[in-house]
Amino acid sequence: MVAGKIHIDPEIYSVLEAVSDPEIPVLSIMDMGIVREVILEGKSIHLKITPTYSGCPAMDTIAVDIKLALEAAGYQATIELILSPAWTTDWITEKGRQNLLDYGIAPPLNDSQDKRALYDGERLVPCIRCKSTNTKMISQFGSTACKSLFQCEECLEPFDYFKCLK
Amino acid sequence: MNNLYTYLLMLGDNSMILGHRLSQLCGHGPNLETDIALTNISLDLYGQVRSYFQYAAKVSGNPANTEDSIAFLRYERQYLNGLLVEQPNTDFAFVILRQALFDIYHLYLLEALESSKDTQIAAIATKSIKEVKYHQRFSSSWVKRLGDGTEISHQKAQYALDTLHPYSFDLLNENAIEADMKEQGIGADLHIIKEKYQDTLKDLMVTSTLTLPDNTFAHKGGKEGVHSEHMGFILSDLQYMQRAYPNMQW
Ligand SMILES: [Zn+2]
Numbered sequence: 002m003v004a005g006k007i008h009i010d011p012e013i014y015s016v017l018e019a020v021s022d023p024e025i026p027v028l029s030i031m032d033m034g035i036v037r038e039v040i041l042e043g044k045s046i047h048l049k050i051t052p053t054y055s056g057c058p059a060m061d062t063i064a065v066d067i068k069l070a071l072e073a074a075g076y077q078a079t080i081e082l083i084l085s086p087a088w089t090t091d092w093i094t095e096k097g098r099q100n101l102l103d104y105g106i107a108p109p110l111n112d113s114q115d116k117r118a119l120y121d122g123e124r125l126v127p128c129i130r131c132k133s134t135n136t137k138m139i140s141q142f143g144s145t146a147c148k149s150l151f152q153c154e155e156c157l158e159p160f161d162y163f164k165c166l167k
Numbered sequence: 008m009n010n011l012y013t014y015l016l017m018l019g020d021n022s023m024i025l026g027h028r029l030s031q032l033c034g035h036g037p038n039l040e041t042d043i044a045l046t047n048i049s050l051d052l053y054g055q056v057r058s059y060f061q062y063a064a065k066v067s068g069n070p071a072n073t074e075d076s077i078a079f080l081r082y083e084r085q086y087l088n089g090l091l092v093e094q095p096n097t098d099f100a101f102v103i104l105r106q107a108l109f110d111i112y113h114l115y116l117l118e119a120l121e122s123s124k125d126t127q128i129a130a131i132a133t134k135s136i137k138e139v140k141y142h143q144r145f146s147s148s149w150v151k152r153l154g155d156g157t158e159i160s161h162q163k164a165q166y167a168l169d170t171l172h173p174y175s176f177d178l179l180n181e182n183a184i185e186a187d188m189k190e191q192g193i194g195a196d197l198h199i200i201k202e203k204y205q206d207t208l209k210d211l212m213v214t215s216t217l218t219l220p221d222n223t224f225a226h227k228g229g230k231e232g233v234h235s236e237h238m239g240f241i242l243s244d245l246q247y248m249q250r251a252y253p254n255m256q257w
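Keeping their order, the protein sequence lines are chains D and S.
Okay, so the first sequence: first residue is 2 according to the numbering used here, each after it adds one.
Okay, so the second sequence: first residue is 8 according to the numbering used here, each after it adds one.
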C-alpha cells in the first residue's frame, strides 16, 4: 500500500469529507489522512482507517460516524481498523493544516524543528494570533495526547500546538 | 494456552497496569501540566493494550475471549506484568522514577519488536514507539529536574530509585515463554535490551546526580503471575464494575 495518497471514488470522497474528528470539528477525516483504503463493490463499501494515537478515544466515534454518513448516502459500510503503516502527521493535507490554524491550533512543524521546539526550548512555533515565533512551551502534553500547550511572549496568547508524529 | 497468547498478555499487562496506576493520578497530579501529561501517557498505554488484547483474543483459540474479558476477567495469578508497574504512587518522585525505568525498557523493547516476524506485533510496536518516545523524554527530563534540583527533591528521587530499582529486573530477565518467542523470531531478545537499558540508565543517573544502588537484589515473579501485595488492590479497583455488574457496558 502506498502511504500518503489513495484513490477514492469522488462521490464517496464527498461523503467522507463531511465526517470530522469530534475533538477537532474543523478537521475532516480526509484531511487528517486516516482513511487508508476504500473498496467499493456496488453499494457496499469496505473501508480501512488507521488511528492517529493508539489511545485516541475519538476513533470509535469516527467509525460510527463514517458508517452513518455512508448509510445516509445509500451505502452499506464495513470498517476495519488497521495499524500499519502507522499514521503520521505528514498525512494531514495542506487544507487540513490551514483549517487547524484557522481554528486556533498551530499545525505540526517538521520533525527536527518539532523536537527542538519541544525539548530544547527553541522558539520556532509561530503564534496562531500574531505569527511571532517568540513562543514558549508551557506543557509538553496538552488538552489531548496529540497536542502541546504553548504561549506567545509577544501577544501572550496561549494556544495548542499539534505535535509532529513521525 | 499457546505461547503467543501468553506473550501478548505479558506485553499488554505491563501497559495496562501502569496505565491504571497513572489513571489513579487523574485530578491528583502535583500541578495541571504534569497531571495532564501523566493521564495522557495513561491513555496512550491503554490504546496499546487494546491492540494487544484484541490480537490476543484472536489467537487465544477461544471464541469467548474478547479484549474486555482478557482485561477484566482474569484472576490475579493470570496477570503477567512485571512487578515494577504495580508499585504504588507513593509520591511524585516514585511516579517519575517508576515511569523512567519503565520507559527506557519499553522503548528498547518496542524497537526490537518493530522487526518481529509477527506482522501484527510489529505493527503495534511501530505505532506505539512514536508515542513512547514522548513518554521517555517526559520522564527522563523529570528525573533530571528532581535529581539535580533541590536538596529535598534529590533526596526523594534517590529514595524512590533505591526502592524501585530491585523491582525493575523482573522485566529484564528472560523467562521460558520469552525465550521461545525470541527463538521463533516473534519476541525480543531481552539480553540485548538489558544491556542497552543498563547503559542508558547509567547515563541518566550521572546527569541526574543520582546513584544507582549497588545492591543487585532482584524481586521476581511478576511474569509468572506472582505479584506484590499491591496487585490485589489494583484488581479490585480495576475489575469492580465487571465483577459487580457482569457484561455491563457504558
Ligand atoms: Zn502572539
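Each residue gets a CB set at the ideal place from its N, CA and C atoms; glycine is no exception.
Given the structure is predicted, the values throughout are model-derived calculations rather than measurements.
Annotation for F145(S): the continuous alpha helix (DSSP H) segment containing it runs 126-154.
A distance criterion of 8 Å places the beta-carbon of L125(D) beyond contact range of ligand 1, judged by its closest non-hydrogen atom. Environment of ligand 1, chain-ordered: C128(D), R130(D), C131(D), S133(D), C153(D), E155(D), C156(D), E158(D), taking every residue with Cβ within less than 6 Å of a heavy atom. Within chain S, the residues whose beta carbon sits less than 9 Å from that of G56(D) are G26, N47, S49, L50, D51, L52, Y53, G54, Q55, V56, R57, E138, listed in sequence order. The C-alpha of A59(D) is placed about 15 Å away from the C-alpha of L84(D). L110(D) and Y162(D) have their C-alpha atoms some 9 Å from each other. In the DSSP annotation of this structure, S140(D) is not part of any alpha helix (DSSP H); the continuous beta strand (DSSP E) holding it starts and ends at 136-140. For S140(D), the closest alpha carbon among the candidates N47(S), T214(S), T157(S), L171(S) is that of N47(S). Shown here, Y62(S) sits in a helix according to DSSP, grouped into three states.
With a cut-off of 8 Å on Cβ pairs, the segment 159-172 of chain S is not in contact with the segment 113-123 of chain D, counting fewer than three such pairs.
The beta-carbon separation of S243(S) and E93(S), rounded to 13 Å, does not stay under the 8 Å limit for a contact.
Residue burial annotation: S122(S) is exposed, with fewer than 16 other C-beta atoms found within 10 angstroms of its C-beta. Distance from N182(S) to K230(S) at the Cβ level is roughly 5 Å; contact confirmed, criterion being Cβ atoms closer than 8 Å. Here A78(D) is not near T51(D), since their CB atoms are 9 Å or more apart. Annotation for H47(D): the continuous beta strand (DSSP E) segment containing it runs 45-50. According to the DSSP assignment, S149(D) belongs to the beta strand (DSSP E) that extends over 148-153.
In this model, M255(S) and T207(S) are separated by some 44 Å (Cα to Cα).
By DSSP's assignment, Q94(S) forms no beta bridge with any residue. The three-state reading of DSSP puts I80(D) in strand, counting E and B together.
For E42(D), there is no enclosing alpha helix (DSSP H); the residue is part of the beta strand (DSSP E) that begins and ends at 36-42. Listed along chain D are S55, L84, A87, each with a C-beta nearer than 7 Å to that of K134(S). Straight-line measurement puts the Cα of C153(D) at about 9 Å from the Cα of K132(D). In this structure, the beta-carbon distance from V39(D) to I30(D) does not fall below 9 Å. For P159(D), the uninterrupted beta strand (DSSP E) run begins and ends at 159-163, by DSSP.
In the three-state reduction of the DSSP assignment, S215(S) falls in the coil class.
Shortest Cα-Cα distance from D51(S) to any of C156(D), I93(D), C128(D), S55(D) involves S55(D). Sequence-distant partners of K164(D) (beyond 5 residues in either direction) whose C-beta falls short of 8 Å from its own C-beta, in its chain, are T90, P109, D115, L119, C147, K148, S149. DSSP, read as helix, strand or coil, puts P173(S) in helix.
Rounded to the nearest whole angstrom, the C-alpha separation of I131(S) and P253(S) is 29 Å.
Listed by position along chain D, the residues whose Cβ is nearer than 7 Å to that of R144(S) are Y120.
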